[in-house]
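K.L.:
To start, I am sharing the structure in question, which I have written as structure tokens.
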Amino acid sequence: MQQFGGICITTLSLMVKKTANELQLSETFNKTEGDKKRSIAAQNFEKIGGRYFYIEKENKLNWFAAVKACQTLGGQLAVIENQEEMNAIYEKQSVGKYWLDLNDLVIEGDFVSWTTGLRASFLNWRSDQPDNFGQKERCVTMFGPLMYDDNCEIENYFVCEA
């Protein structure tokens with residue numbers, strides 16, 4: 000049984016669902032039925048480069064809840080594919096850290112997409128990152144045009160992709 004910090008990975012998946020269900024998100028995240036969901040996604044996702052992204056600049060969530068929030072909007076946490084895309088997203092953000100889809104929850108130092116399980120093809124770490132400070136930084140944020148590993152339980156803004 001694979002574990003992360005003494006927590007079984009299956010339990011971790013359940014934590015994502017539980018944490019997200021406990022959130023009191025804005026009305027935007029609560030509208031999840033049929034046409035409302037499609038309408039929200041169409042209104043909130045913006046074409047940046049060749050793909051569609053939603054940049055949450057008001058509600059801060061932990062990484063697990065951000066996963067669920069993106070799913071609720073009809074997307075997933077974003078996987079940045081190249082530096083051009085990262086720069087374009089950075090230009091649209093407010094100041095702060097933003098959760099991305101990548102993590103090393105299963106194998107320390109092996110950053111993969113939560114959604115696909117595939118290893119990251121693009122990583123643009125700050126020079127002193129990843130550092131897994133305090134053995135608790137397992138999820139990836141972007142701050143400016145650089146990536147950091149951060150504690151998944153900290154609340155940050157987030158970027159979704161459709």
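As numbered in numbering that gives the first Met the number 0, the sequence shown has no gaps in its residue numbers, which increase by one up to the final residue, 161.
Ideal Cβ positions, reconstructed from N, Cα and C, are used throughout, including at glycine.
1. For I39 and G49, what's the separation of their Cα atoms in angstroms?
2. Of the choices G73, M141 and K135, whose alpha-carbon is the least far from that of L101?
3. What did DSSP end up calling T140 once you bin it into helix, strand or coil?
4. Let me confirm a value: R37 is counted as buried when at least 16 other C-beta atoms fall within 10 Å, else exposed. Which label applies?
5. Report the rounded CA-to-CA distance for F52 versus I79, giving the unit in angstroms.
6. Among Q82, N81 and Q92, which residue has its Cα nearest to the Cα of V158?
P.N.:
In terms of the structure at hand:
1. The predicted model places I39 with a pLDDT of 49, which falls under 50 and marks its position as unreliable, so this point remains unresolved.
2. M141
3. strand
4. Unreliable positioning characterises R37 in this predicted model, as indicated by a pLDDT of 49, which lies under 50. The coordinate reading is nonetheless provided below. By the neighbour-count rule (16 or more Cβ atoms within 10 Å), R37 is not buried but exposed.
5. 10 Å
6. Q92
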